[in-house]
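> Before I ask anything, here is the structure I am working with.
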Amino acid sequence: MKKLPRHQEKSLRHTSIAGFRMAMDFYSVHRREVEGGWTYPLHDHPLFELNMALEGEQHFLVDGRDITVGAGDILLLKPGESHSCYTKPGQGMTYLCIHFGVDEPELKLQLGRIGHSLHGPGSPLWEMLYPLLAHLGAPGMMEREIGGNKMKSLSLCLELVSALSRLLADPPEGFLRETGRWDRLAMDIADRIGSFASEQPRLDGEELMKQGIAGIARELGYSPAYCARLFKSVYGVSPRQYLSTVKLREAQLLLLNRELTMEQVAERLGFRDAAHFSKQFKRWTKLSPSEYRHMH
0 MKKLPRHQEK SLRHTSIAGF RMAMDFYSVH RREVEGGWTY PLHDHPLFEL NMALEGEQHF
60 LVDGRDITVG AGDILLLKPG ESHSCYTKPG QGMTYLCIHF GVDEPELKLQ LGRIGHSLHG
120 PGSPLWEMLY PLLAHLGAPG MMEREIGGNK MKSLSLCLEL VSALSRLLAD PPEGFLRETG
180 RWDRLAMDIA DRIGSFASEQ PRLDGEELMK QGIAGIAREL GYSPAYCARL FKSVYGVSPR
240 QYLSTVKLRE AQLLLLNREL TMEQVAERLG FRDAAHFSKQ FKRWTKLSPS EYRHMH
């Protein structure tokens, strides 16, 4: 066998981009036509929501603020924002709605810093997203072009996140609210939760929170309760909910490895047995681990 030459470092220049891991969740992407007098009750959730009126007007109450979304307008709701919506009697409406989540702390922080909820024609977010959303919201487009094609669904998700990332990479002046000390502190907590969960995979959620948040708070010089309140005020979810997204991401990656049994996946994630893991996974995704593995 020919002997390979010994590696010699003779590079003149080396440039790299920092690596990262990110999980994305897209739920309830739908186009809906409703009659006049339609209502949706007050609720909140740990996801971002994009809502675009395609025809007519949709009226929102968002954390006590009245917002009217006219045809072509885009509404961006952030995790934890309480909202309800309705149409006026005799005034039907058609809208497109996308719920999505990202667990990358910097991107999540920047999305949370977008200063306005409503984005009309000519605004930076509208310019970036309107072509994609209008195309997706066209009559029959979801059935005709996407349907059950997983690759096309994936392409849609990546296009949306790519468009938002490009906008946030070089935002126009005044588009984002000022970054405060607490924003960076919350991002630091998010980074540390992710690192701690990766370093201590055998600890269950309760023990991770007990050791993780307490240790992080101690390092930062704040109480665990204060860190938890601060984190939720910035990200819209509690540290426990954020930890769940980290654990879910790890679970999904492990389930893709079909050589691992359910018992081995559960053990690596710190669950006491496969049944406990299955119950929690179904709470996260509405699917059993076996159903998720079969779909992928």
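As numbered in numbering that gives the first Met the number 0, residues 0 to 295 make up the sequence shown, in order.
All C-beta atoms in this analysis are idealised placements derived from N, C-alpha and C, irrespective of residue type, glycine included.
Just confirm the distance between the C-beta atoms of Leu247 and Leu253, as a whole number of angstroms; I'd bet it's less than 8 Å.
Within the sequence shown, residue 247 is the residue found at index 248, counting from 1. Within the sequence shown, residue 253 is the residue found at index 254, counting from 1. Incorrect: roughly 11 Å between the Cβ atoms, too far for contact.
> For Gln57 versus Met23, is the C-beta distance shorter than 9 Å?
For this step, residue 57 is matched to residue 58 along the sequence shown. For this step, residue 23 is matched to residue 24 along the sequence shown. It is not a contact, given that the beta carbons lie outside the stated cut-off.
> List the residues that DSSP assigns as beta-bridge partners of Asp65.
Position 66 of the sequence shown, counted from the first residue, corresponds to residue 65. DSSP lists Leu60 as partners of Asp65.
> Which runs of the beta strand (DSSP E) fall wholly inside the region 83-147 and span at least 3 residues, in chain order?
List check, beta strand (DSSP E) in window: 92-101.
> Mapping DSSP to helix, strand and coil, what is Glu48?
In the sequence shown, residue 48 corresponds to position 49, counting from 1. Residue state, collapsed to three classes: strand.
> Would you tell me roughly how many angstroms separate the C-alpha atoms of Pro170 and Leu124, rounded to the nearest one?
Here residue 170 corresponds to residue number 171 of the sequence shown, with the count starting at 1. Here residue 124 corresponds to residue number 125 of the sequence shown, with the count starting at 1. Looking at the two C-alpha atoms, the distance is approximately 10 Å.
> Which residue wins for smallest C-alpha separation from Pro45, given the options Gly35, Gly63, Leu53 and Phe25?
Taking the sequence shown and counting its residues from 1, one reaches residue 45 at position 46. When each option's Cα is compared against that of Pro45, the closest is Phe25.
> Which of helix, strand or coil does DSSP assign to Ser154?
Residue numbering aside, residue 154 sits at position 155 when the sequence shown is read from its first letter. Three-state DSSP puts Ser154 in a helix.
> If you draw a straight line from the alpha carbon of Gly136 to that of Ser27, how long is it in whole angstroms?
As a first step, residue 136 is located in the sequence shown; it is residue number 137 there, counting from the start. As a first step, residue 27 is located in the sequence shown; it is residue number 28 there, counting from the start. For Gly136 and Ser27, the distance between alpha carbons rounds to 14 Å.
> Can you give me the C-alpha to C-alpha distance between Cys96 and Lys77, rounded to a whole angstrom?
On the sequence shown, position 97 is the one that residue 96 refers to. On the sequence shown, position 78 is the one that residue 77 refers to. Going from the Cα of Cys96 to the Cα of Lys77 covers about 14 Å.
> Which residues in the same chain have their Cβ closer than 7 Å to the Cβ of Ser116, if we skip the five residues on either side of it in sequence?
As a working note, residue 116 is residue 117 in the sequence shown. Closer than 7 Å at Cβ, skipping near neighbours: Val61, Ile66, Leu74, Leu75 and Leu76.
> Is the CB-CB distance between Phe174 and Leu163 below 9 Å?
Your numbering for residue 174 matches position 175 in the sequence shown. Your numbering for residue 163 matches position 164 in the sequence shown. Cβ atoms of Phe174 and Leu163: not closer than 9 Å.
> Please go through the same chain and pick out, in chain order, the residues whose beta-carbon is closer than 7 Å to the beta-carbon of Leu229, but skip the five residues on each side of it.
For the purposes of this step, residue 229 is taken as the residue at position 230 of the sequence shown. Answer for Leu229: Trp181, Leu184 and Ala185, listed in chain order.
> Rounding to the nearest angstrom, what Cα-Cα distance links Ala265 and Arg271 in this structure?
As a first step, residue 265 is located in the sequence shown; it is residue number 266 there, counting from the start. As a first step, residue 271 is located in the sequence shown; it is residue number 272 there, counting from the start. Near 7 Å, if we compare the C-alpha coordinates of Arg271 and Ala265.
> Going by C-alpha distance, which of Leu128, Phe47 and Gly119 is nearest Gly235?
Counting from one through the sequence shown, the residue named residue 235 turns up at place 236. Minimum Cα distance to Gly235 is reached at Phe47.
> Could you tell me which of Leu108, Val68 and Asn148 sits nearest to Ser83, measuring between CA atoms?
Looking up residue 83 in the sequence shown gives position 84. When only C-alpha atoms are compared, the closest one is Val68.
> State the beta-bridge partners of Thr38 as determined by DSSP.
Taking the sequence shown and counting its residues from 1, the one referred to as residue 38 is at position 39. Partner(s): Tyr85.
> What residue range is occupied by the uninterrupted beta strand (DSSP E) comprising Ser27?
Residue numbering aside, residue 27 sits at position 28 when the sequence shown is read from its first letter. Bounds of the beta strand (DSSP E) holding Ser27 are Met23 to Val33.
> Using a Cβ cut-off of 9 Å (strictly closer), state whether Leu49 contacts chain C.
The chain labelled as chain C is not found in the depicted structure, where only one protein chain is given.
> Looking only at its chain, what residues have a beta carbon closer than 7 Å to the beta carbon of Pro104, apart from the 5 residues adjacent to it on each side?
Taking the first residue of the sequence shown as position 1, residue 104 is located at position 105. Within the same chain, Pro104 has close Cβ partners Met186, Ala189 and Asp190.
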